[in-house]
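*Asks:* The structure that follows is given in the form of structure tokens.
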Amino acid sequence: MPETSGSTGRTPETHVIDFRAAERLLAARDPRGAVKLLDSVIAAHPENTAARLLRARAFFAAAQLRPAELEFTIVLEREPDNAFAHFALARTYERQRRPEQAKRHFRLAAALDPKPQYLEAARFDA
Numbered sequence: 001m002p003e004t005s006g007s008t009g010r011t012p013e014t015h016v017i018d019f020r021a022a023e024r025l026l027a028a029r030d031p032r033g034a035v036k037l038l039d040s041v042i043a044a045h046p047e048n049t050a051a052r053l054l055r056a057r058a059f060f061a062a063a064q065l066r067p068a069e070l071e072f073t074i075v076l077e078r079e080p081d082n083a084f085a086h087f088a089l090a091r092t093y094e095r096q097r098r099p100e101q102a103k104r105h106f107r108l109a110a111a112l113d114p115k116p117q118y119l120e121a122a123r124f125d126a
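Quick note on the UniProt record's numbering: the sequence shown kicks off at 1 and runs consecutively.
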């Protein structure tokens, strides 16, 4: 009998399938469906930063800003040099009308990775 995670009968392979399906759901503009799939993946693998980042993106797309903020923050605790996570957290703060926190993370994103969209959002010249 295959090894399972918890009593749900889910295997590590099933979690990979759920993660990939969640990516497709998010791309198809079904962020809530993506979150549902990722909940079980993260419950079984709370240390999985990629799953947390994907769930944060899904929460953001679903306008669930507090859960998105929490997930982006967890990602940054583990990967403080993740420019995308800083940028996405900044966008989350921006949507919550928290401009000072947003500015800090936009600038961190631009400092870590000088992509044009990160540099533009950082507004270093302002």
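Backbone N, C-alpha and C define an ideal beta-carbon position, used for all residues, glycine too.
None of the values given here were measured: they were computed from a predicted structure.
1. Please state whether DSSP places R32 in a helix, a strand or coil.
2. How is R52 classed by DSSP in three states: helix, strand or coil?
3. Just the C-alpha distance for E79 and V16, rounded to the nearest angstrom, thanks.
4. Cutting at 6 Å between CB atoms, please list the residues of its own chain near R107, excluding the five before and the five after it.
5. Residues in its own chain within less than 6 Å of A61 by CB, not counting five upstream and five downstream?
6. What does a CB cutoff of less than 8 Å around A50 pick up in its chain, not counting 5 residues either side in sequence?
7. Among T11, P116 and L54, which residue has its Cα nearest to the Cα of L26?
8. So what does DSSP say about R78, is it helix, strand or coil?
9. Just mark R57 as buried or exposed, buried being the case when its beta carbon has 16 or more other beta carbons within 10 Å.
10. If you run the structure through DSSP and keep just helix, strand and coil, what is D18?
*Replies:* This is what the structure holds:
1. helix
2. helix
3. 21 Å
4. A122
5. P31
6. F19
7. L54
8. helix
9. buried
10. helix
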